[in-house]
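Enquirer: Quick one: the structure is below, and I'll ask about it shortly.
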Amino acid sequence: MAIVPMQKMLICGAIEEKSSVMKTLQRQGSFHLIPLEEERLNAPEVREALTRAEKRIQTAEQALRVLQQYAPAGGGMLASLTGAEELSPEDWEKRSGNADAAAALAEDLLQKDRRINEANARAARAQVQAEGLAPWKGLGMPLDFSGTESTRAFIGALPGAWTDESIRALLAEYCPQMDAYSLELLGGDASQTPLVLVCLKEDAEAAEDALRRKGFARPVITTDKTPEEALNEVKFDRASAITEAEEQKAAVQAAAGRRGELQFLYDDATLEAERLSSFQKAGESRTAFFVEGYVPKAKAAALQKKLEDKFTVSVIITEPDGETPVLLQNNRLSAPTETVVESYGLPGKGEIDPTAIMSVFYYFLFGMMLSDAGYGLLMVIGCAVALKKFPKMGRNMKKMLTMFFWCGVSTAVWGFLFGSFFGDAIDVIAHTFFGVPADRQVLKAIWFTPLDEPMRLLIYCFLFGIIHLFVGLGIKGVLLLKEKRTKDFLGGVLGWYLLLIGLLMILLPSDMYASIAGAPVPLPAWMQTAAKFLAIAGAVLLLLFAAWDKKFGLRLALGAYELYGVTGWLSDVLSYSRLLALGLATGVIASVINTMASMMGGGVIGAVIFIIVFLLGHTLNMAINLLGAYVHTNRLQFVEFFGKFYEAGGEAFEPLGTGDTKYYHMEEN
Amino acid sequence: MLNENLGIVYALLGAALATFLAGSGSAIGVGMGGRAAAGVLTEKPELFAKVLILQLLPGTQGIYGLLVAFVVLGKIGILGGTAPTADKGLLFLAACLPIGVAGLISAIHQGKASVASISLLAKRPDSFGRAMLLPAMVETYAILALLVSLLTVARL
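Protein chains in written order, with the working numbering: chain A, 71 to 739; chain B, 14 to 169.
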């Protein structure tokens, strides 16, 4: 129901027991360590152990990724719900003894992965070479053959398509003196024409020049073997590389059954690294150590007993003097919305935990924005089934689903109040398929139908908004009175209450209100007079006490500025009109979907089309409006409600614990 | 001939403006968000659900425009109701303008805020609550416009 009270705990003991004490603290999970002002340099063996643990985390992670690549484990949509496997501390300890074998496995897998990559690279290189050699396949001499004692050979390709005659013509044009040469074309296509030209040494320069003019290029690959031989070699290389990659892959896949060991290694090393890094935040001398931290009051005595029974340590518990880390604790209805409060910020010094009060408004406003019984019931059923079926899901996931469960309940209630069940689905179905006359309404709103009387709903939205805001202001008032800041209370809270209530009472019987709501609210004359006095009294309080600690002139000026804040209140209240807008959006679009679905009329075909359009349309509408309701409920809480009293800024209670694991979870003992 | 149908022409023009202005705004906004979200996902795929929500935030204006358009269509004899006179048709047109124009502009700016929030989330994945809130502030003005459009159309 509030912030959990904390106590400070100081533990001193012999250095030999430091590691075991830390382990126990981690297992208990209720000790929030206060780090030393300056981090101490610990013994080198601690640093080594920390480095080793961090290395193991990394290796295990990479090895798991390798395993996932070659032997994927089915995750699927619901994987995040199944949660971690539970292990008792004894089993954990037992498996922990196996860590070296798991680390060796991880290293082995990484090495296999490197081999696979190398083999794949070799195969790819061989492929490129094979492609490069292919055009020279018919060449009966080594590819780097450059000629004999008196001749020179040009092995290369001309870009484009050439024939024997066209090349001879080219040579005749640029080196007319050359008469003895041999030219051989090796096939070729439109892109290039591979050829071998052998000529006398004295003609070589001119011949080369002629060929160069047309873009003659030597083969990219040079080898002293004939292309045929080289090609065979390359093909053999490629085949053996592929075989090796396959073999290594199979070896990796064979290790798939040991995935659990790697996952355990990852988790175990994570816990070890966490524990070891907390070593550096604890003080120690050559023979003793001390560590200080916060413990929830309810658990302090038990932890002290446990430590003193098990070790020769001295444990001193004191009441904390300053700010303590914040842990929220609420009943089953409110606890799920703790995540909402946490995402805004935890209560700071002197503040209360707003979760309990906020949760009631949260469910109320969320339901009003979504306000469809069908969607609400779907949420209730969906969340209940998920919570029942996956009891081991993560803590935050569980909170979230429980929150949406209650939001669903509220949504369903509001839906029936406004007569909306998948929009007007029941009426549409009755009219289309069961011949109910179109003017007879089947599902009637328990309260009223928003689309028929939007103004009425708007007034109610403002009313709920004013209540919400006044509760927020009230909390501020209580906090100020608790701290005996009476003048702040007069100028910051009471003044506003009087002024706003007075203004409201002046507004209600007026013509302006009548023109919005349709009819004025008649108030007796004495109340109308009282309203004026209330408003004036409130304004005077604000004027005088909003800045009571300043000098007289400044005080009045700042007071007058505070009065200007009435526009802020106006916009705060107007902001609640989103309740109406989002509620109407859900209802109207749902009705449109139903209308479209029923356009094909009755009968079997009509029913099939109805079902398809109905399912698609309502899924989409529900998803979008769920998002809208969630975002805007948060906004109303964060901006309008928290803005009145809540500053946040508290530090979270983050005990040394076993909660950061990914695959396995250590049971608490 | 034209004169007889002038009312419905004006009213339809209003419904069209509400849908296409607000819808275009949302398309621009969600598109900007999508690009930023895809960038973040290359580095941090685990943030998918959160950046998706941020990307979708500017999408509501399009829905509001659609909503107003449907209420109009239901009143002018297309999905129900009767064809309006020319005067009344113009009134429908006027009533559709707030959500059309405010929807267009607010969705674009909400999209920009969403992009910024997505980058915020990329650097600090724990600040989702705040990242969501900043673009949601922009939406207030679309909601106010929707309210004026809707209340006017409902009254006509």
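Where a beta carbon is used, it is the ideal one built from N, C-alpha and C, also for glycine.
Looking at the C-beta of B:I76, does it have a partner C-beta in chain A at a distance below 9 angstroms?
Expert: Judged by the 9 angstroms Cβ criterion, B:I76 is in contact with chain A.
Enquirer: Short of 8 angstroms in beta carbon distance, which residues of its chain neighbour A:Q333, apart from the five on each side in sequence? Order them along the chain.
Expert: So the qualifying residues of the chain are A130, L134, K732, Y733, Y734.
Enquirer: Would you kindly report the start and end of the unbroken beta strand (DSSP E) that includes A:A84?
Expert: Segment 76–84, the beta strand (DSSP E) holding A:A84.
Enquirer: What in chain A is Cβ-close to B:V114, meaning under 9 angstroms?
Expert: Here the premise fails: no neighbours, minimum Cβ distance about 17 angstroms.
Enquirer: Taking only runs of the alpha helix (DSSP H) that begin and end inside the segment 383–448 of chain A, which ones reach a length of at least 4 residues, in chain order?
Expert: Listed in chain order, the complete alpha helix (DSSP H) runs (minimum 4 residues) inside the segment 383–448 of chain A are 408–414, 425–440.
Enquirer: Hey, could you find the ends of the alpha helix (DSSP H) B:Q74 is sitting in?
Expert: Looking at the DSSP string, the run of the alpha helix (DSSP H) that includes B:Q74 is 73–86.
Enquirer: Measuring only between beta-carbons, confirm whether B:I91 sits less than 9 angstroms from chain A.
Expert: No - not a single Cβ of chain A is within 9 angstroms of the one on B:I91.
Enquirer: Just to confirm my understanding: we take A:I182, look at its own chain, exclude 5 residues before and 5 after, and list those with CB closer than 6 angstroms. What are they?
Expert: Here the sequence assigns Lys to residue 182 of chain A, which means Ile is not the residue at that position. Answer for A:K182: Q318, A321, V322, listed in chain order.
Enquirer: Assess contact between the segment 89–104 of chain B and the segment 132–146 of chain B, defined as three or more Cβ pairs (one per stretch) separated by less than 8 angstroms. Is contact present?
Expert: At 8 angstroms Cβ cutoff, the stretches do not touch.
Enquirer: Are A:D558 and A:S490 close, meaning C-beta to C-beta below 9 angstroms?
Expert: It is not a contact, given that the beta carbons lie outside the stated cut-off.
Enquirer: Alpha helix (DSSP H) containing A:F306: first to last residue?
Expert: Taken as a continuous stretch (DSSP letters only), the alpha helix (DSSP H) holding A:F306 covers 297–324.
Enquirer: So if I threshold CB-CB distances at 8 angstroms, which residues from the segment 703–728 of chain A count as touching chain B?
Expert: Residues passing the 8 angstroms Cβ filter: N704, R705, F708, V709.
Enquirer: Apply the 10 Å Cβ neighbour rule to A:T407 and answer buried if 16 or more other Cβ atoms are within range, or exposed otherwise.
Expert: That one is buried.
Enquirer: Would you list the residues sitting across from A:Y251 in a DSSP beta bridge?
Expert: Answer by DSSP bridge pairing, in chain order: A:C269.
Enquirer: Within 8 angstroms, do at least three Cβ pairs link the segment 147–163 of chain B to the segment 110–117 of chain B?
Expert: The segment 110–117 of chain B, when compared against the segment 147–163 of chain B, does touch it at the 8 angstroms Cβ threshold.
Enquirer: Can you find the residues in the same chain that come closer than 6 angstroms, C-beta to C-beta, to A:T472, ignoring five residues on each side of it along the sequence?
Expert: Counting only Cβ-Cβ distances below 6 angstroms, and skipping sequence neighbours, we find P406.
Enquirer: For A:F359, does the three-state DSSP call read helix, strand or coil?
Expert: Correct three-state label for A:F359: strand.
Enquirer: Could you tell me the alpha carbon to alpha carbon distance between A:P212 and A:Q197, rounded to whole angstroms?
Expert: Going by the C-alpha atoms only, they are around 20 angstroms apart.
Enquirer: With distances taken between CB atoms, is the gap from A:L604 to A:M575 smaller than 9 angstroms?
Expert: For A:L604 and A:M575, yes; Cβs fall inside 9 angstroms.
Enquirer: Mark A:Y433 as exposed unless 16 or more other C-beta atoms lie within 10 angstroms of its C-beta, in which case mark it buried.
Expert: Buried, by the Cβ-count rule.
Enquirer: Would DSSP call A:M463 helix, strand or coil?
Expert: Residue state, collapsed to three classes: coil.
Enquirer: Mind checking the segment 655–668 of chain A against chain B and listing, in chain order, the residues whose C-beta falls within less than 9 angstroms of any C-beta there?
Expert: Residues A655, V658, I659, S661, V662, T665.
Enquirer: Mind the definition here: the segment 444–456 of chain A touches the segment 373–389 of chain A only if three or more C-beta pairs lie below 8 angstroms; say whether that holds.
Expert: Not touching, per the Cβ criterion.
Enquirer: May I ask you to check if the CB of A:E553 is nearer than 8 angstroms to at least one heavy atom of the ligand ATP?
Expert: Looking for the ligand ATP in the displayed structure turns up nothing, as the structure carries no ligands at all.
Enquirer: What does DSSP give as the partner residue(s) for A:Q262 in the beta ladder?
Expert: A:Q262 pairs with A:P229.
Enquirer: So, with DSSP's three-state summary, where would you put A:R222?
Expert: Three-state result, A:R222: strand.
Enquirer: Step through the CB atoms of chain A and report whether any lies within less than 9 angstroms of the CB of B:T95.
Expert: Chain A, which has no Cβ nearer than 9 angstroms to the Cβ of B:T95, makes this no.
Enquirer: Alpha carbon to alpha carbon, how far is A:Q96 from A:M71? Give it in angstroms, no decimals.
Expert: Here the model assigns A:M71 a pLDDT of 48, short of 50, so the residue's position is not dependable, and the following value carries that caveat. Near 26 angstroms, if we compare the C-alpha coordinates of A:Q96 and A:M71.
Enquirer: Going along chain B, which residues have a C-beta under 7 angstroms from A:G698?
Expert: Going along chain B in sequence order, the residues near A:G698 (Cβ under 7 angstroms) are T73.
Enquirer: Distance, Cα to Cα, A:S236 vs A:P205?
Expert: Taking the straight line from one Cα to the other gives about 20 angstroms.
Enquirer: Let me confirm a value: A:D509 is counted as buried when at least 16 other C-beta atoms fall within 10 Å, else exposed. Which label applies?
Expert: Classification of A:D509: exposed, given that the 10 Å Cβ count is below 16.
Enquirer: So what does DSSP say about A:V365, is it helix, strand or coil?
Expert: Note: A:V365 maps to strand in three-state DSSP.
Enquirer: A:A29: which of A:R238, A:L270, A:A250 sits nearest, CA to CA?
Expert: Nothing about residue 29 of chain A can be read from this structure; chain A reaches only from 71 to 739.
Enquirer: In whole angstroms, what is the alpha-carbon distance linking B:S37 and B:L117?
Expert: Going from the Cα of B:S37 to the Cα of B:L117 covers about 7 angstroms.
Enquirer: Measuring CA to CA, which of A:G99, A:A309, A:A276, A:L457 is closest to A:A193?
Expert: When only C-alpha atoms are compared, the closest one is A:A309.
Enquirer: For A:M71, name the three-state secondary structure that DSSP assigns.
Expert: Confidence at A:M71 is low in this model, with a pLDDT of 48, below 50, so the placement of that residue is unreliable and no value is reported for it.
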